[in-house]
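J.:
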Amino acid sequence: MKIPVNFSIFVSISHHLNSQFMTIFLTPKLETVLPKIKAIVQDQIIPLEADFLQHNFSKVKPKLEAIRQLVKQEGLWNPHLSSAHGGLGLSLVEFGQISEVLGHTPYGHYCFNCNAPDIGNQELILGNASEHIKDTFLAPLLKGNIRSCFSMTEPEFAGSNPTEMDTSAVKDGDNYIINGHKWFTSSADGASFAVVMANTNPDAENKYQRASMIVVPTDTKGFELVCNIPVMGEANDDYFSHGEVRYTNCKVPLKNLIGIEGAGFSLAQQRLGPGRIHHCMRWIGICERAFDLMCKHAASRDLGNGVKLGQKQSIQNFIAESRAEINAARFMVLHTALKIDNEGAKAARIEISTIKFYVANVLQRVLDRAVQTHGALGLTDYTVLSFWYRHERAARIYDGPDEVHKAALARQILKGYGLNTKVV
Ligand SMILES: Cc1cc2nc3c(=O)[nH]c(=O)nc-3n(C[C@H](O)[C@H](O)[C@H](O)COP(=O)(O)OP(=O)(O)OC[C@H]3O[C@@H](n4cnc5c(N)ncnc54)[C@H](O)[C@@H]3O)c2cc1C
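Quick note on numbering: the sequence shown equals residues 7 to 430 in our numbering.
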């Protein structure tokens, strides 16, 4: 489907550079829903941040539940899904812009039930799983009654080359017996099921056809959440955690297999394409919030004798560089989303790699400048900047480290110059 892009609005004169820029991909659907979503983010979710920065997630959860009910009442629940599945029926370009707004606060996506890793699992199951899996696991997930997690990475093996992983799923009658050790299974604490990547066909000649994805309910005997891993000084809990998990002789029925045996890596690729758009647009949302905080502080912080921080050229450089980088990043991500909408994720593989490392680095630079502009205040938990500064360092690592995506892009380019790009 071709996405209607409203270029005419882009050329309209606006004295607010960003709001002018924002309108380039605006569609009539977004014009209706975005203001409602912005209002909920501004008026309901951001005011809870002070609570969140001082307490673990589970403490704030009851207040978030109330907001989730409001989101449902407003008809904004599951914005990423098609209308047939109770969502807003948006293109990826449209949903990307919602993801940006939700990214203005660490809870945004959770309140709208489109938070990772659930959103990826929902899309994965919807597109590939049996009616049994849809009825048993997807239906309550879509209602927001349960949460899920995605369990692929293992501490003992390089996650950037998951074909090396060790977890096995061996057939035993009508069941799989799963054994393995995973970590960074985000949000495992309190999840009702895990989508586990395990080797079912270890002898397959093609190493990308050895693994499968299998649904493991977390109340299965042998499923053990070893701990919530401390990350940058904080383990947190519940949805805001990264679990170390052991699977010891976990017995699950064969019907818990997603798709066909050996399809694990191709499913993982499917899961990651749109997922990277979601992450990148969320990061742009974080950038915009950090940018706003930086500008407000620059305009109000008095250095003495009535001189404001924003009157110093070095701070003006921070602001100008950040504005340019965020705008460029947004263009790149929405352009990639447009390509996925029109040609599919496979056709946009290189664009997806490009935005993954580019936007993660823009995010890091913008956050760093915002922290610097705030001075000591930037390091405290009195603003949300320090939370993001700690947690979003991971953006350059998860869903593929920078180096892997850069190599993919460069190899593709060099191929055009006739260089043999086979990995050495
Ligand atoms: C916050 C966070 C959340 C996560 N959530 C999940 C989750 O929910 N589920 C899940 O299964 N996993 C999750 N992960 C794991 C994530 O997918 C892996 O960390 C990632 O794939 C990298 O694997 P690794 O950490 O084992 O690093 P390694 O593969 O050991 O790589 C280490 C470093 O080596 C470099 N490197 C790697 N390969 C190359 C290369 N080819 N060329 C040059 N340099 C290279 C990179 O700098 C890389 O950072 C999460 C990770 C983080 C940090």
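All residues carry an ideal CB built from backbone N, CA and C; glycine is no exception.
On a predicted model such as this, the values are computed, not experimentally measured, just so you know.
(1) With burial defined as no fewer than 16 other Cβ atoms inside 10 Å of the residue's Cβ, what is the status of Ile264: buried or exposed?
(2) How about Asn234 and Gly249: do their beta carbons lie closer than 7 Å?
(3) Closest to Ala175 by C-alpha separation, out of Val237, Leu231, Ala241, Gly270, would be which residue?
(4) Which term fits Thr38, buried or exposed, when burial requires 16 or more other beta carbons within 10 angstroms of its beta carbon?
(5) Over the uninterrupted alpha helix (DSSP H) stretch that includes Val39, give me the two end residues.
(6) Curious, which full-length alpha helix (DSSP H) runs of at least 4 residues does the region 42-86 contain?
(7) Along the beta strand (DSSP E) that carries His248, what are the first and last residues, could you check?
(8) Apply the 10 Å Cβ neighbour rule to Val77 and answer buried if 16 or more other Cβ atoms are within range, or exposed otherwise.
(9) By a C-beta neighbour count over all protein chains shown, 10 Å radius and 16 as the cutoff for buried, is Val232 buried or exposed?
(10) Would you list the one or two residues that DSSP bridges to Tyr182?
(11) For Ala354, which of helix, strand or coil comes out of DSSP?
(12) Below 6 Å CB to CB, which residues in the same chain sit around Asn242 once its five sequence neighbours on both sides are set aside?
(13) Counting pairs of beta carbons, one from the region 336-351 and one from the region 381-389, are three or more of them closer than 8 Å?
(14) Return the first residue and the last residue of the alpha helix (DSSP H) that Val1 is part of.
(15) Write down the C-beta distance between Thr159 and Phe190 rounded to the nearest angstrom, noting that I regard them as a contact closer than 8 Å.
(16) For Gly126, is the classification buried or exposed, using 16 other Cβ atoms within 10 angstroms of its Cβ as the cut-off for buried?
(17) Just how far apart, CA to CA, sit Thr142 and His411?
(18) Could you tell me whether the region 325-342 touches the region 352-372, where touching means 3 or more Cβ pairs closer than 8 Å?
(19) Using the Cα positions of Cys2 and Lys140, report the straight-line distance between them to the nearest angstrom.
(20) Cα-Cα, which of Asp49, Lys67, Gly114 is closest to Asn84?
(21) When you compare the CB positions of Gly291 and Gly93, do they come within less than 7 Å of one another, or not?
(22) DSSP has Ile220 in a bridge; who is on the other side?
(23) Going by DSSP, what residue range makes up the alpha helix (DSSP H) through Glu294?
(24) At a cut-off of 6 Å, is Glu240 close to ligand 1 when judged by its beta-carbon and the heavy atoms of the ligand?
(25) Determine the extent of the alpha helix (DSSP H) in which Asn151 is found, giving its start and end residues.
(26) Count the other CB atoms, across all protein chains shown, that sit within 10 Å of the CB of His21; report buried if there are 16 or more and exposed otherwise.
(27) Answer with buried or exposed for Met238, where buried requires no fewer than 16 other C-beta atoms within 10 angstroms of its C-beta.
(28) Per DSSP, what kind of secondary structure is Glu398 in: helix, strand or coil?
(29) Starting from Asn348, trace the alpha helix (DSSP H) in both directions and tell me its first and last residue.
(30) Taking the beta carbon of Val313 as the centre, do at least 16 other beta carbons fall within 10 Å, making it buried, or is it exposed?
(31) Going by the CB atoms, is the gap between Ala197 and Arg153 shorter than 7 Å?
T.: So, from the listed chains and residues:
(1) Sequence index remark: in the sequence shown, residue 264 carries index 258 (1-based). It counts as buried.
(2) Within the sequence shown, numbered from 1, the residue matching residue 234 stands at position 228. Within the sequence shown, numbered from 1, the residue matching residue 249 stands at position 243. In this structure, Gly249 lies closer than 7 Å to Asn234 by Cβ.
(3) Against the sequence shown, residue 175 aligns to sequence position 169. For the residues Val237, Leu231, Ala241, Gly270, the minimum Cα distance to Ala175 belongs to Gly270.
(4) By one-based count along the sequence shown, residue 38 stands at place 32. Classification of Thr38: exposed, given that the 10 Å Cβ count is below 16.
(5) Residue numbering aside, residue 39 sits at position 33 when the sequence shown is read from its first letter. Counting along the chain, the alpha helix (DSSP H) containing Val39 begins and ends at 34-46.
(6) 55-60, 63-79
(7) Sequence index remark: in the sequence shown, residue 248 carries index 242 (1-based). Unbroken beta strand (DSSP E) run through His248: 248-259.
(8) Within the sequence shown, numbered from 1, the residue matching residue 77 stands at position 71. Val77 is buried by the Cβ-count criterion.
(9) Sequence index remark: in the sequence shown, residue 232 carries index 226 (1-based). Under this definition Val232 is an exposed residue.
(10) For this step, residue 182 is matched to residue 176 along the sequence shown. Bridge partners of Tyr182: Lys177, Val258.
(11) Your numbering for residue 354 matches position 348 in the sequence shown. Here Ala354 sits in coil by DSSP.
(12) As a working mapping, residue 242 is identified with position 236 in the sequence shown. Only Asn62, Phe63 meet the Cβ criterion.
(13) no
(14) Past the boundaries of the shown model lies residue 1; the chain is included only from 7 to 430, so the question cannot be answered.
(15) Numbered from 1 along the sequence shown, position 153 holds the residue referred to as residue 159. Numbered from 1 along the sequence shown, position 184 holds the residue referred to as residue 190. 5 Å between Cβ atoms; contact.
(16) Position 120 of the sequence shown, counted from the first residue, corresponds to residue 126. With 16 or more other Cβ atoms within 10 Å, it is buried.
(17) Translated into positions along the sequence shown, residue 142 becomes position 136. Translated into positions along the sequence shown, residue 411 becomes position 405. Answer to the nearest angstrom: the Cα atoms are 36 Å apart.
(18) yes
(19) This structure cannot settle anything about residue 2, because the visible part of the chain is limited to 7 through 430.
(20) Translated into positions along the sequence shown, residue 84 becomes position 78. Closest option to Asn84, Cα to Cα, is Gly114.
(21) Sequence index remark: in the sequence shown, residue 291 carries index 285 (1-based). Sequence index remark: in the sequence shown, residue 93 carries index 87 (1-based). No, Cβ-Cβ distance for Gly291 and Gly93 is not below 7 Å.
(22) What you label residue 220 is simply residue 214 of the sequence shown in a count that begins at 1. Paired residue(s): Val202, Leu263.
(23) Sequence index remark: in the sequence shown, residue 294 carries index 288 (1-based). Residues 270-306.
(24) Sequence index remark: in the sequence shown, residue 240 carries index 234 (1-based). Because no heavy atom of ligand 1 lies under 6 Å away, the Cβ of Glu240 does not count as near it: no.
(25) Numbered from 1 along the sequence shown, position 145 holds the residue referred to as residue 151. That residue, Asn151, is in no alpha helix (DSSP H); it is neither H nor E in DSSP.
(26) Position 15 of the sequence shown holds residue 21. In this predicted model, His21 has a pLDDT of only 35, less than 50, meaning its place in the structure is not dependable; the value taken from the coordinates is given anyway. Burial call: exposed.
(27) Counting from one through the sequence shown, the residue named residue 238 turns up at place 232. It is exposed - the Cβ of Met238 has fewer than 16 other Cβ atoms within 10 Å.
(28) The count along the sequence shown starts at 1 and reaches residue 398 at position 392. DSSP places Glu398 in helix when its eight states are reduced to three.
(29) Position 342 of the sequence shown holds residue 348. Taken as a continuous stretch (DSSP letters only), the alpha helix (DSSP H) holding Asn348 covers 319-349.
(30) Walking along the sequence shown from the start, residue 313 turns up at place 307. Looking at its Cβ environment, which holds fewer than 16 other Cβ atoms inside 10 Å, Val313 is exposed.
(31) Taking the first residue of the sequence shown as position 1, residue 153 is located at position 147. Taking the first residue of the sequence shown as position 1, residue 197 is located at position 191. Yes.
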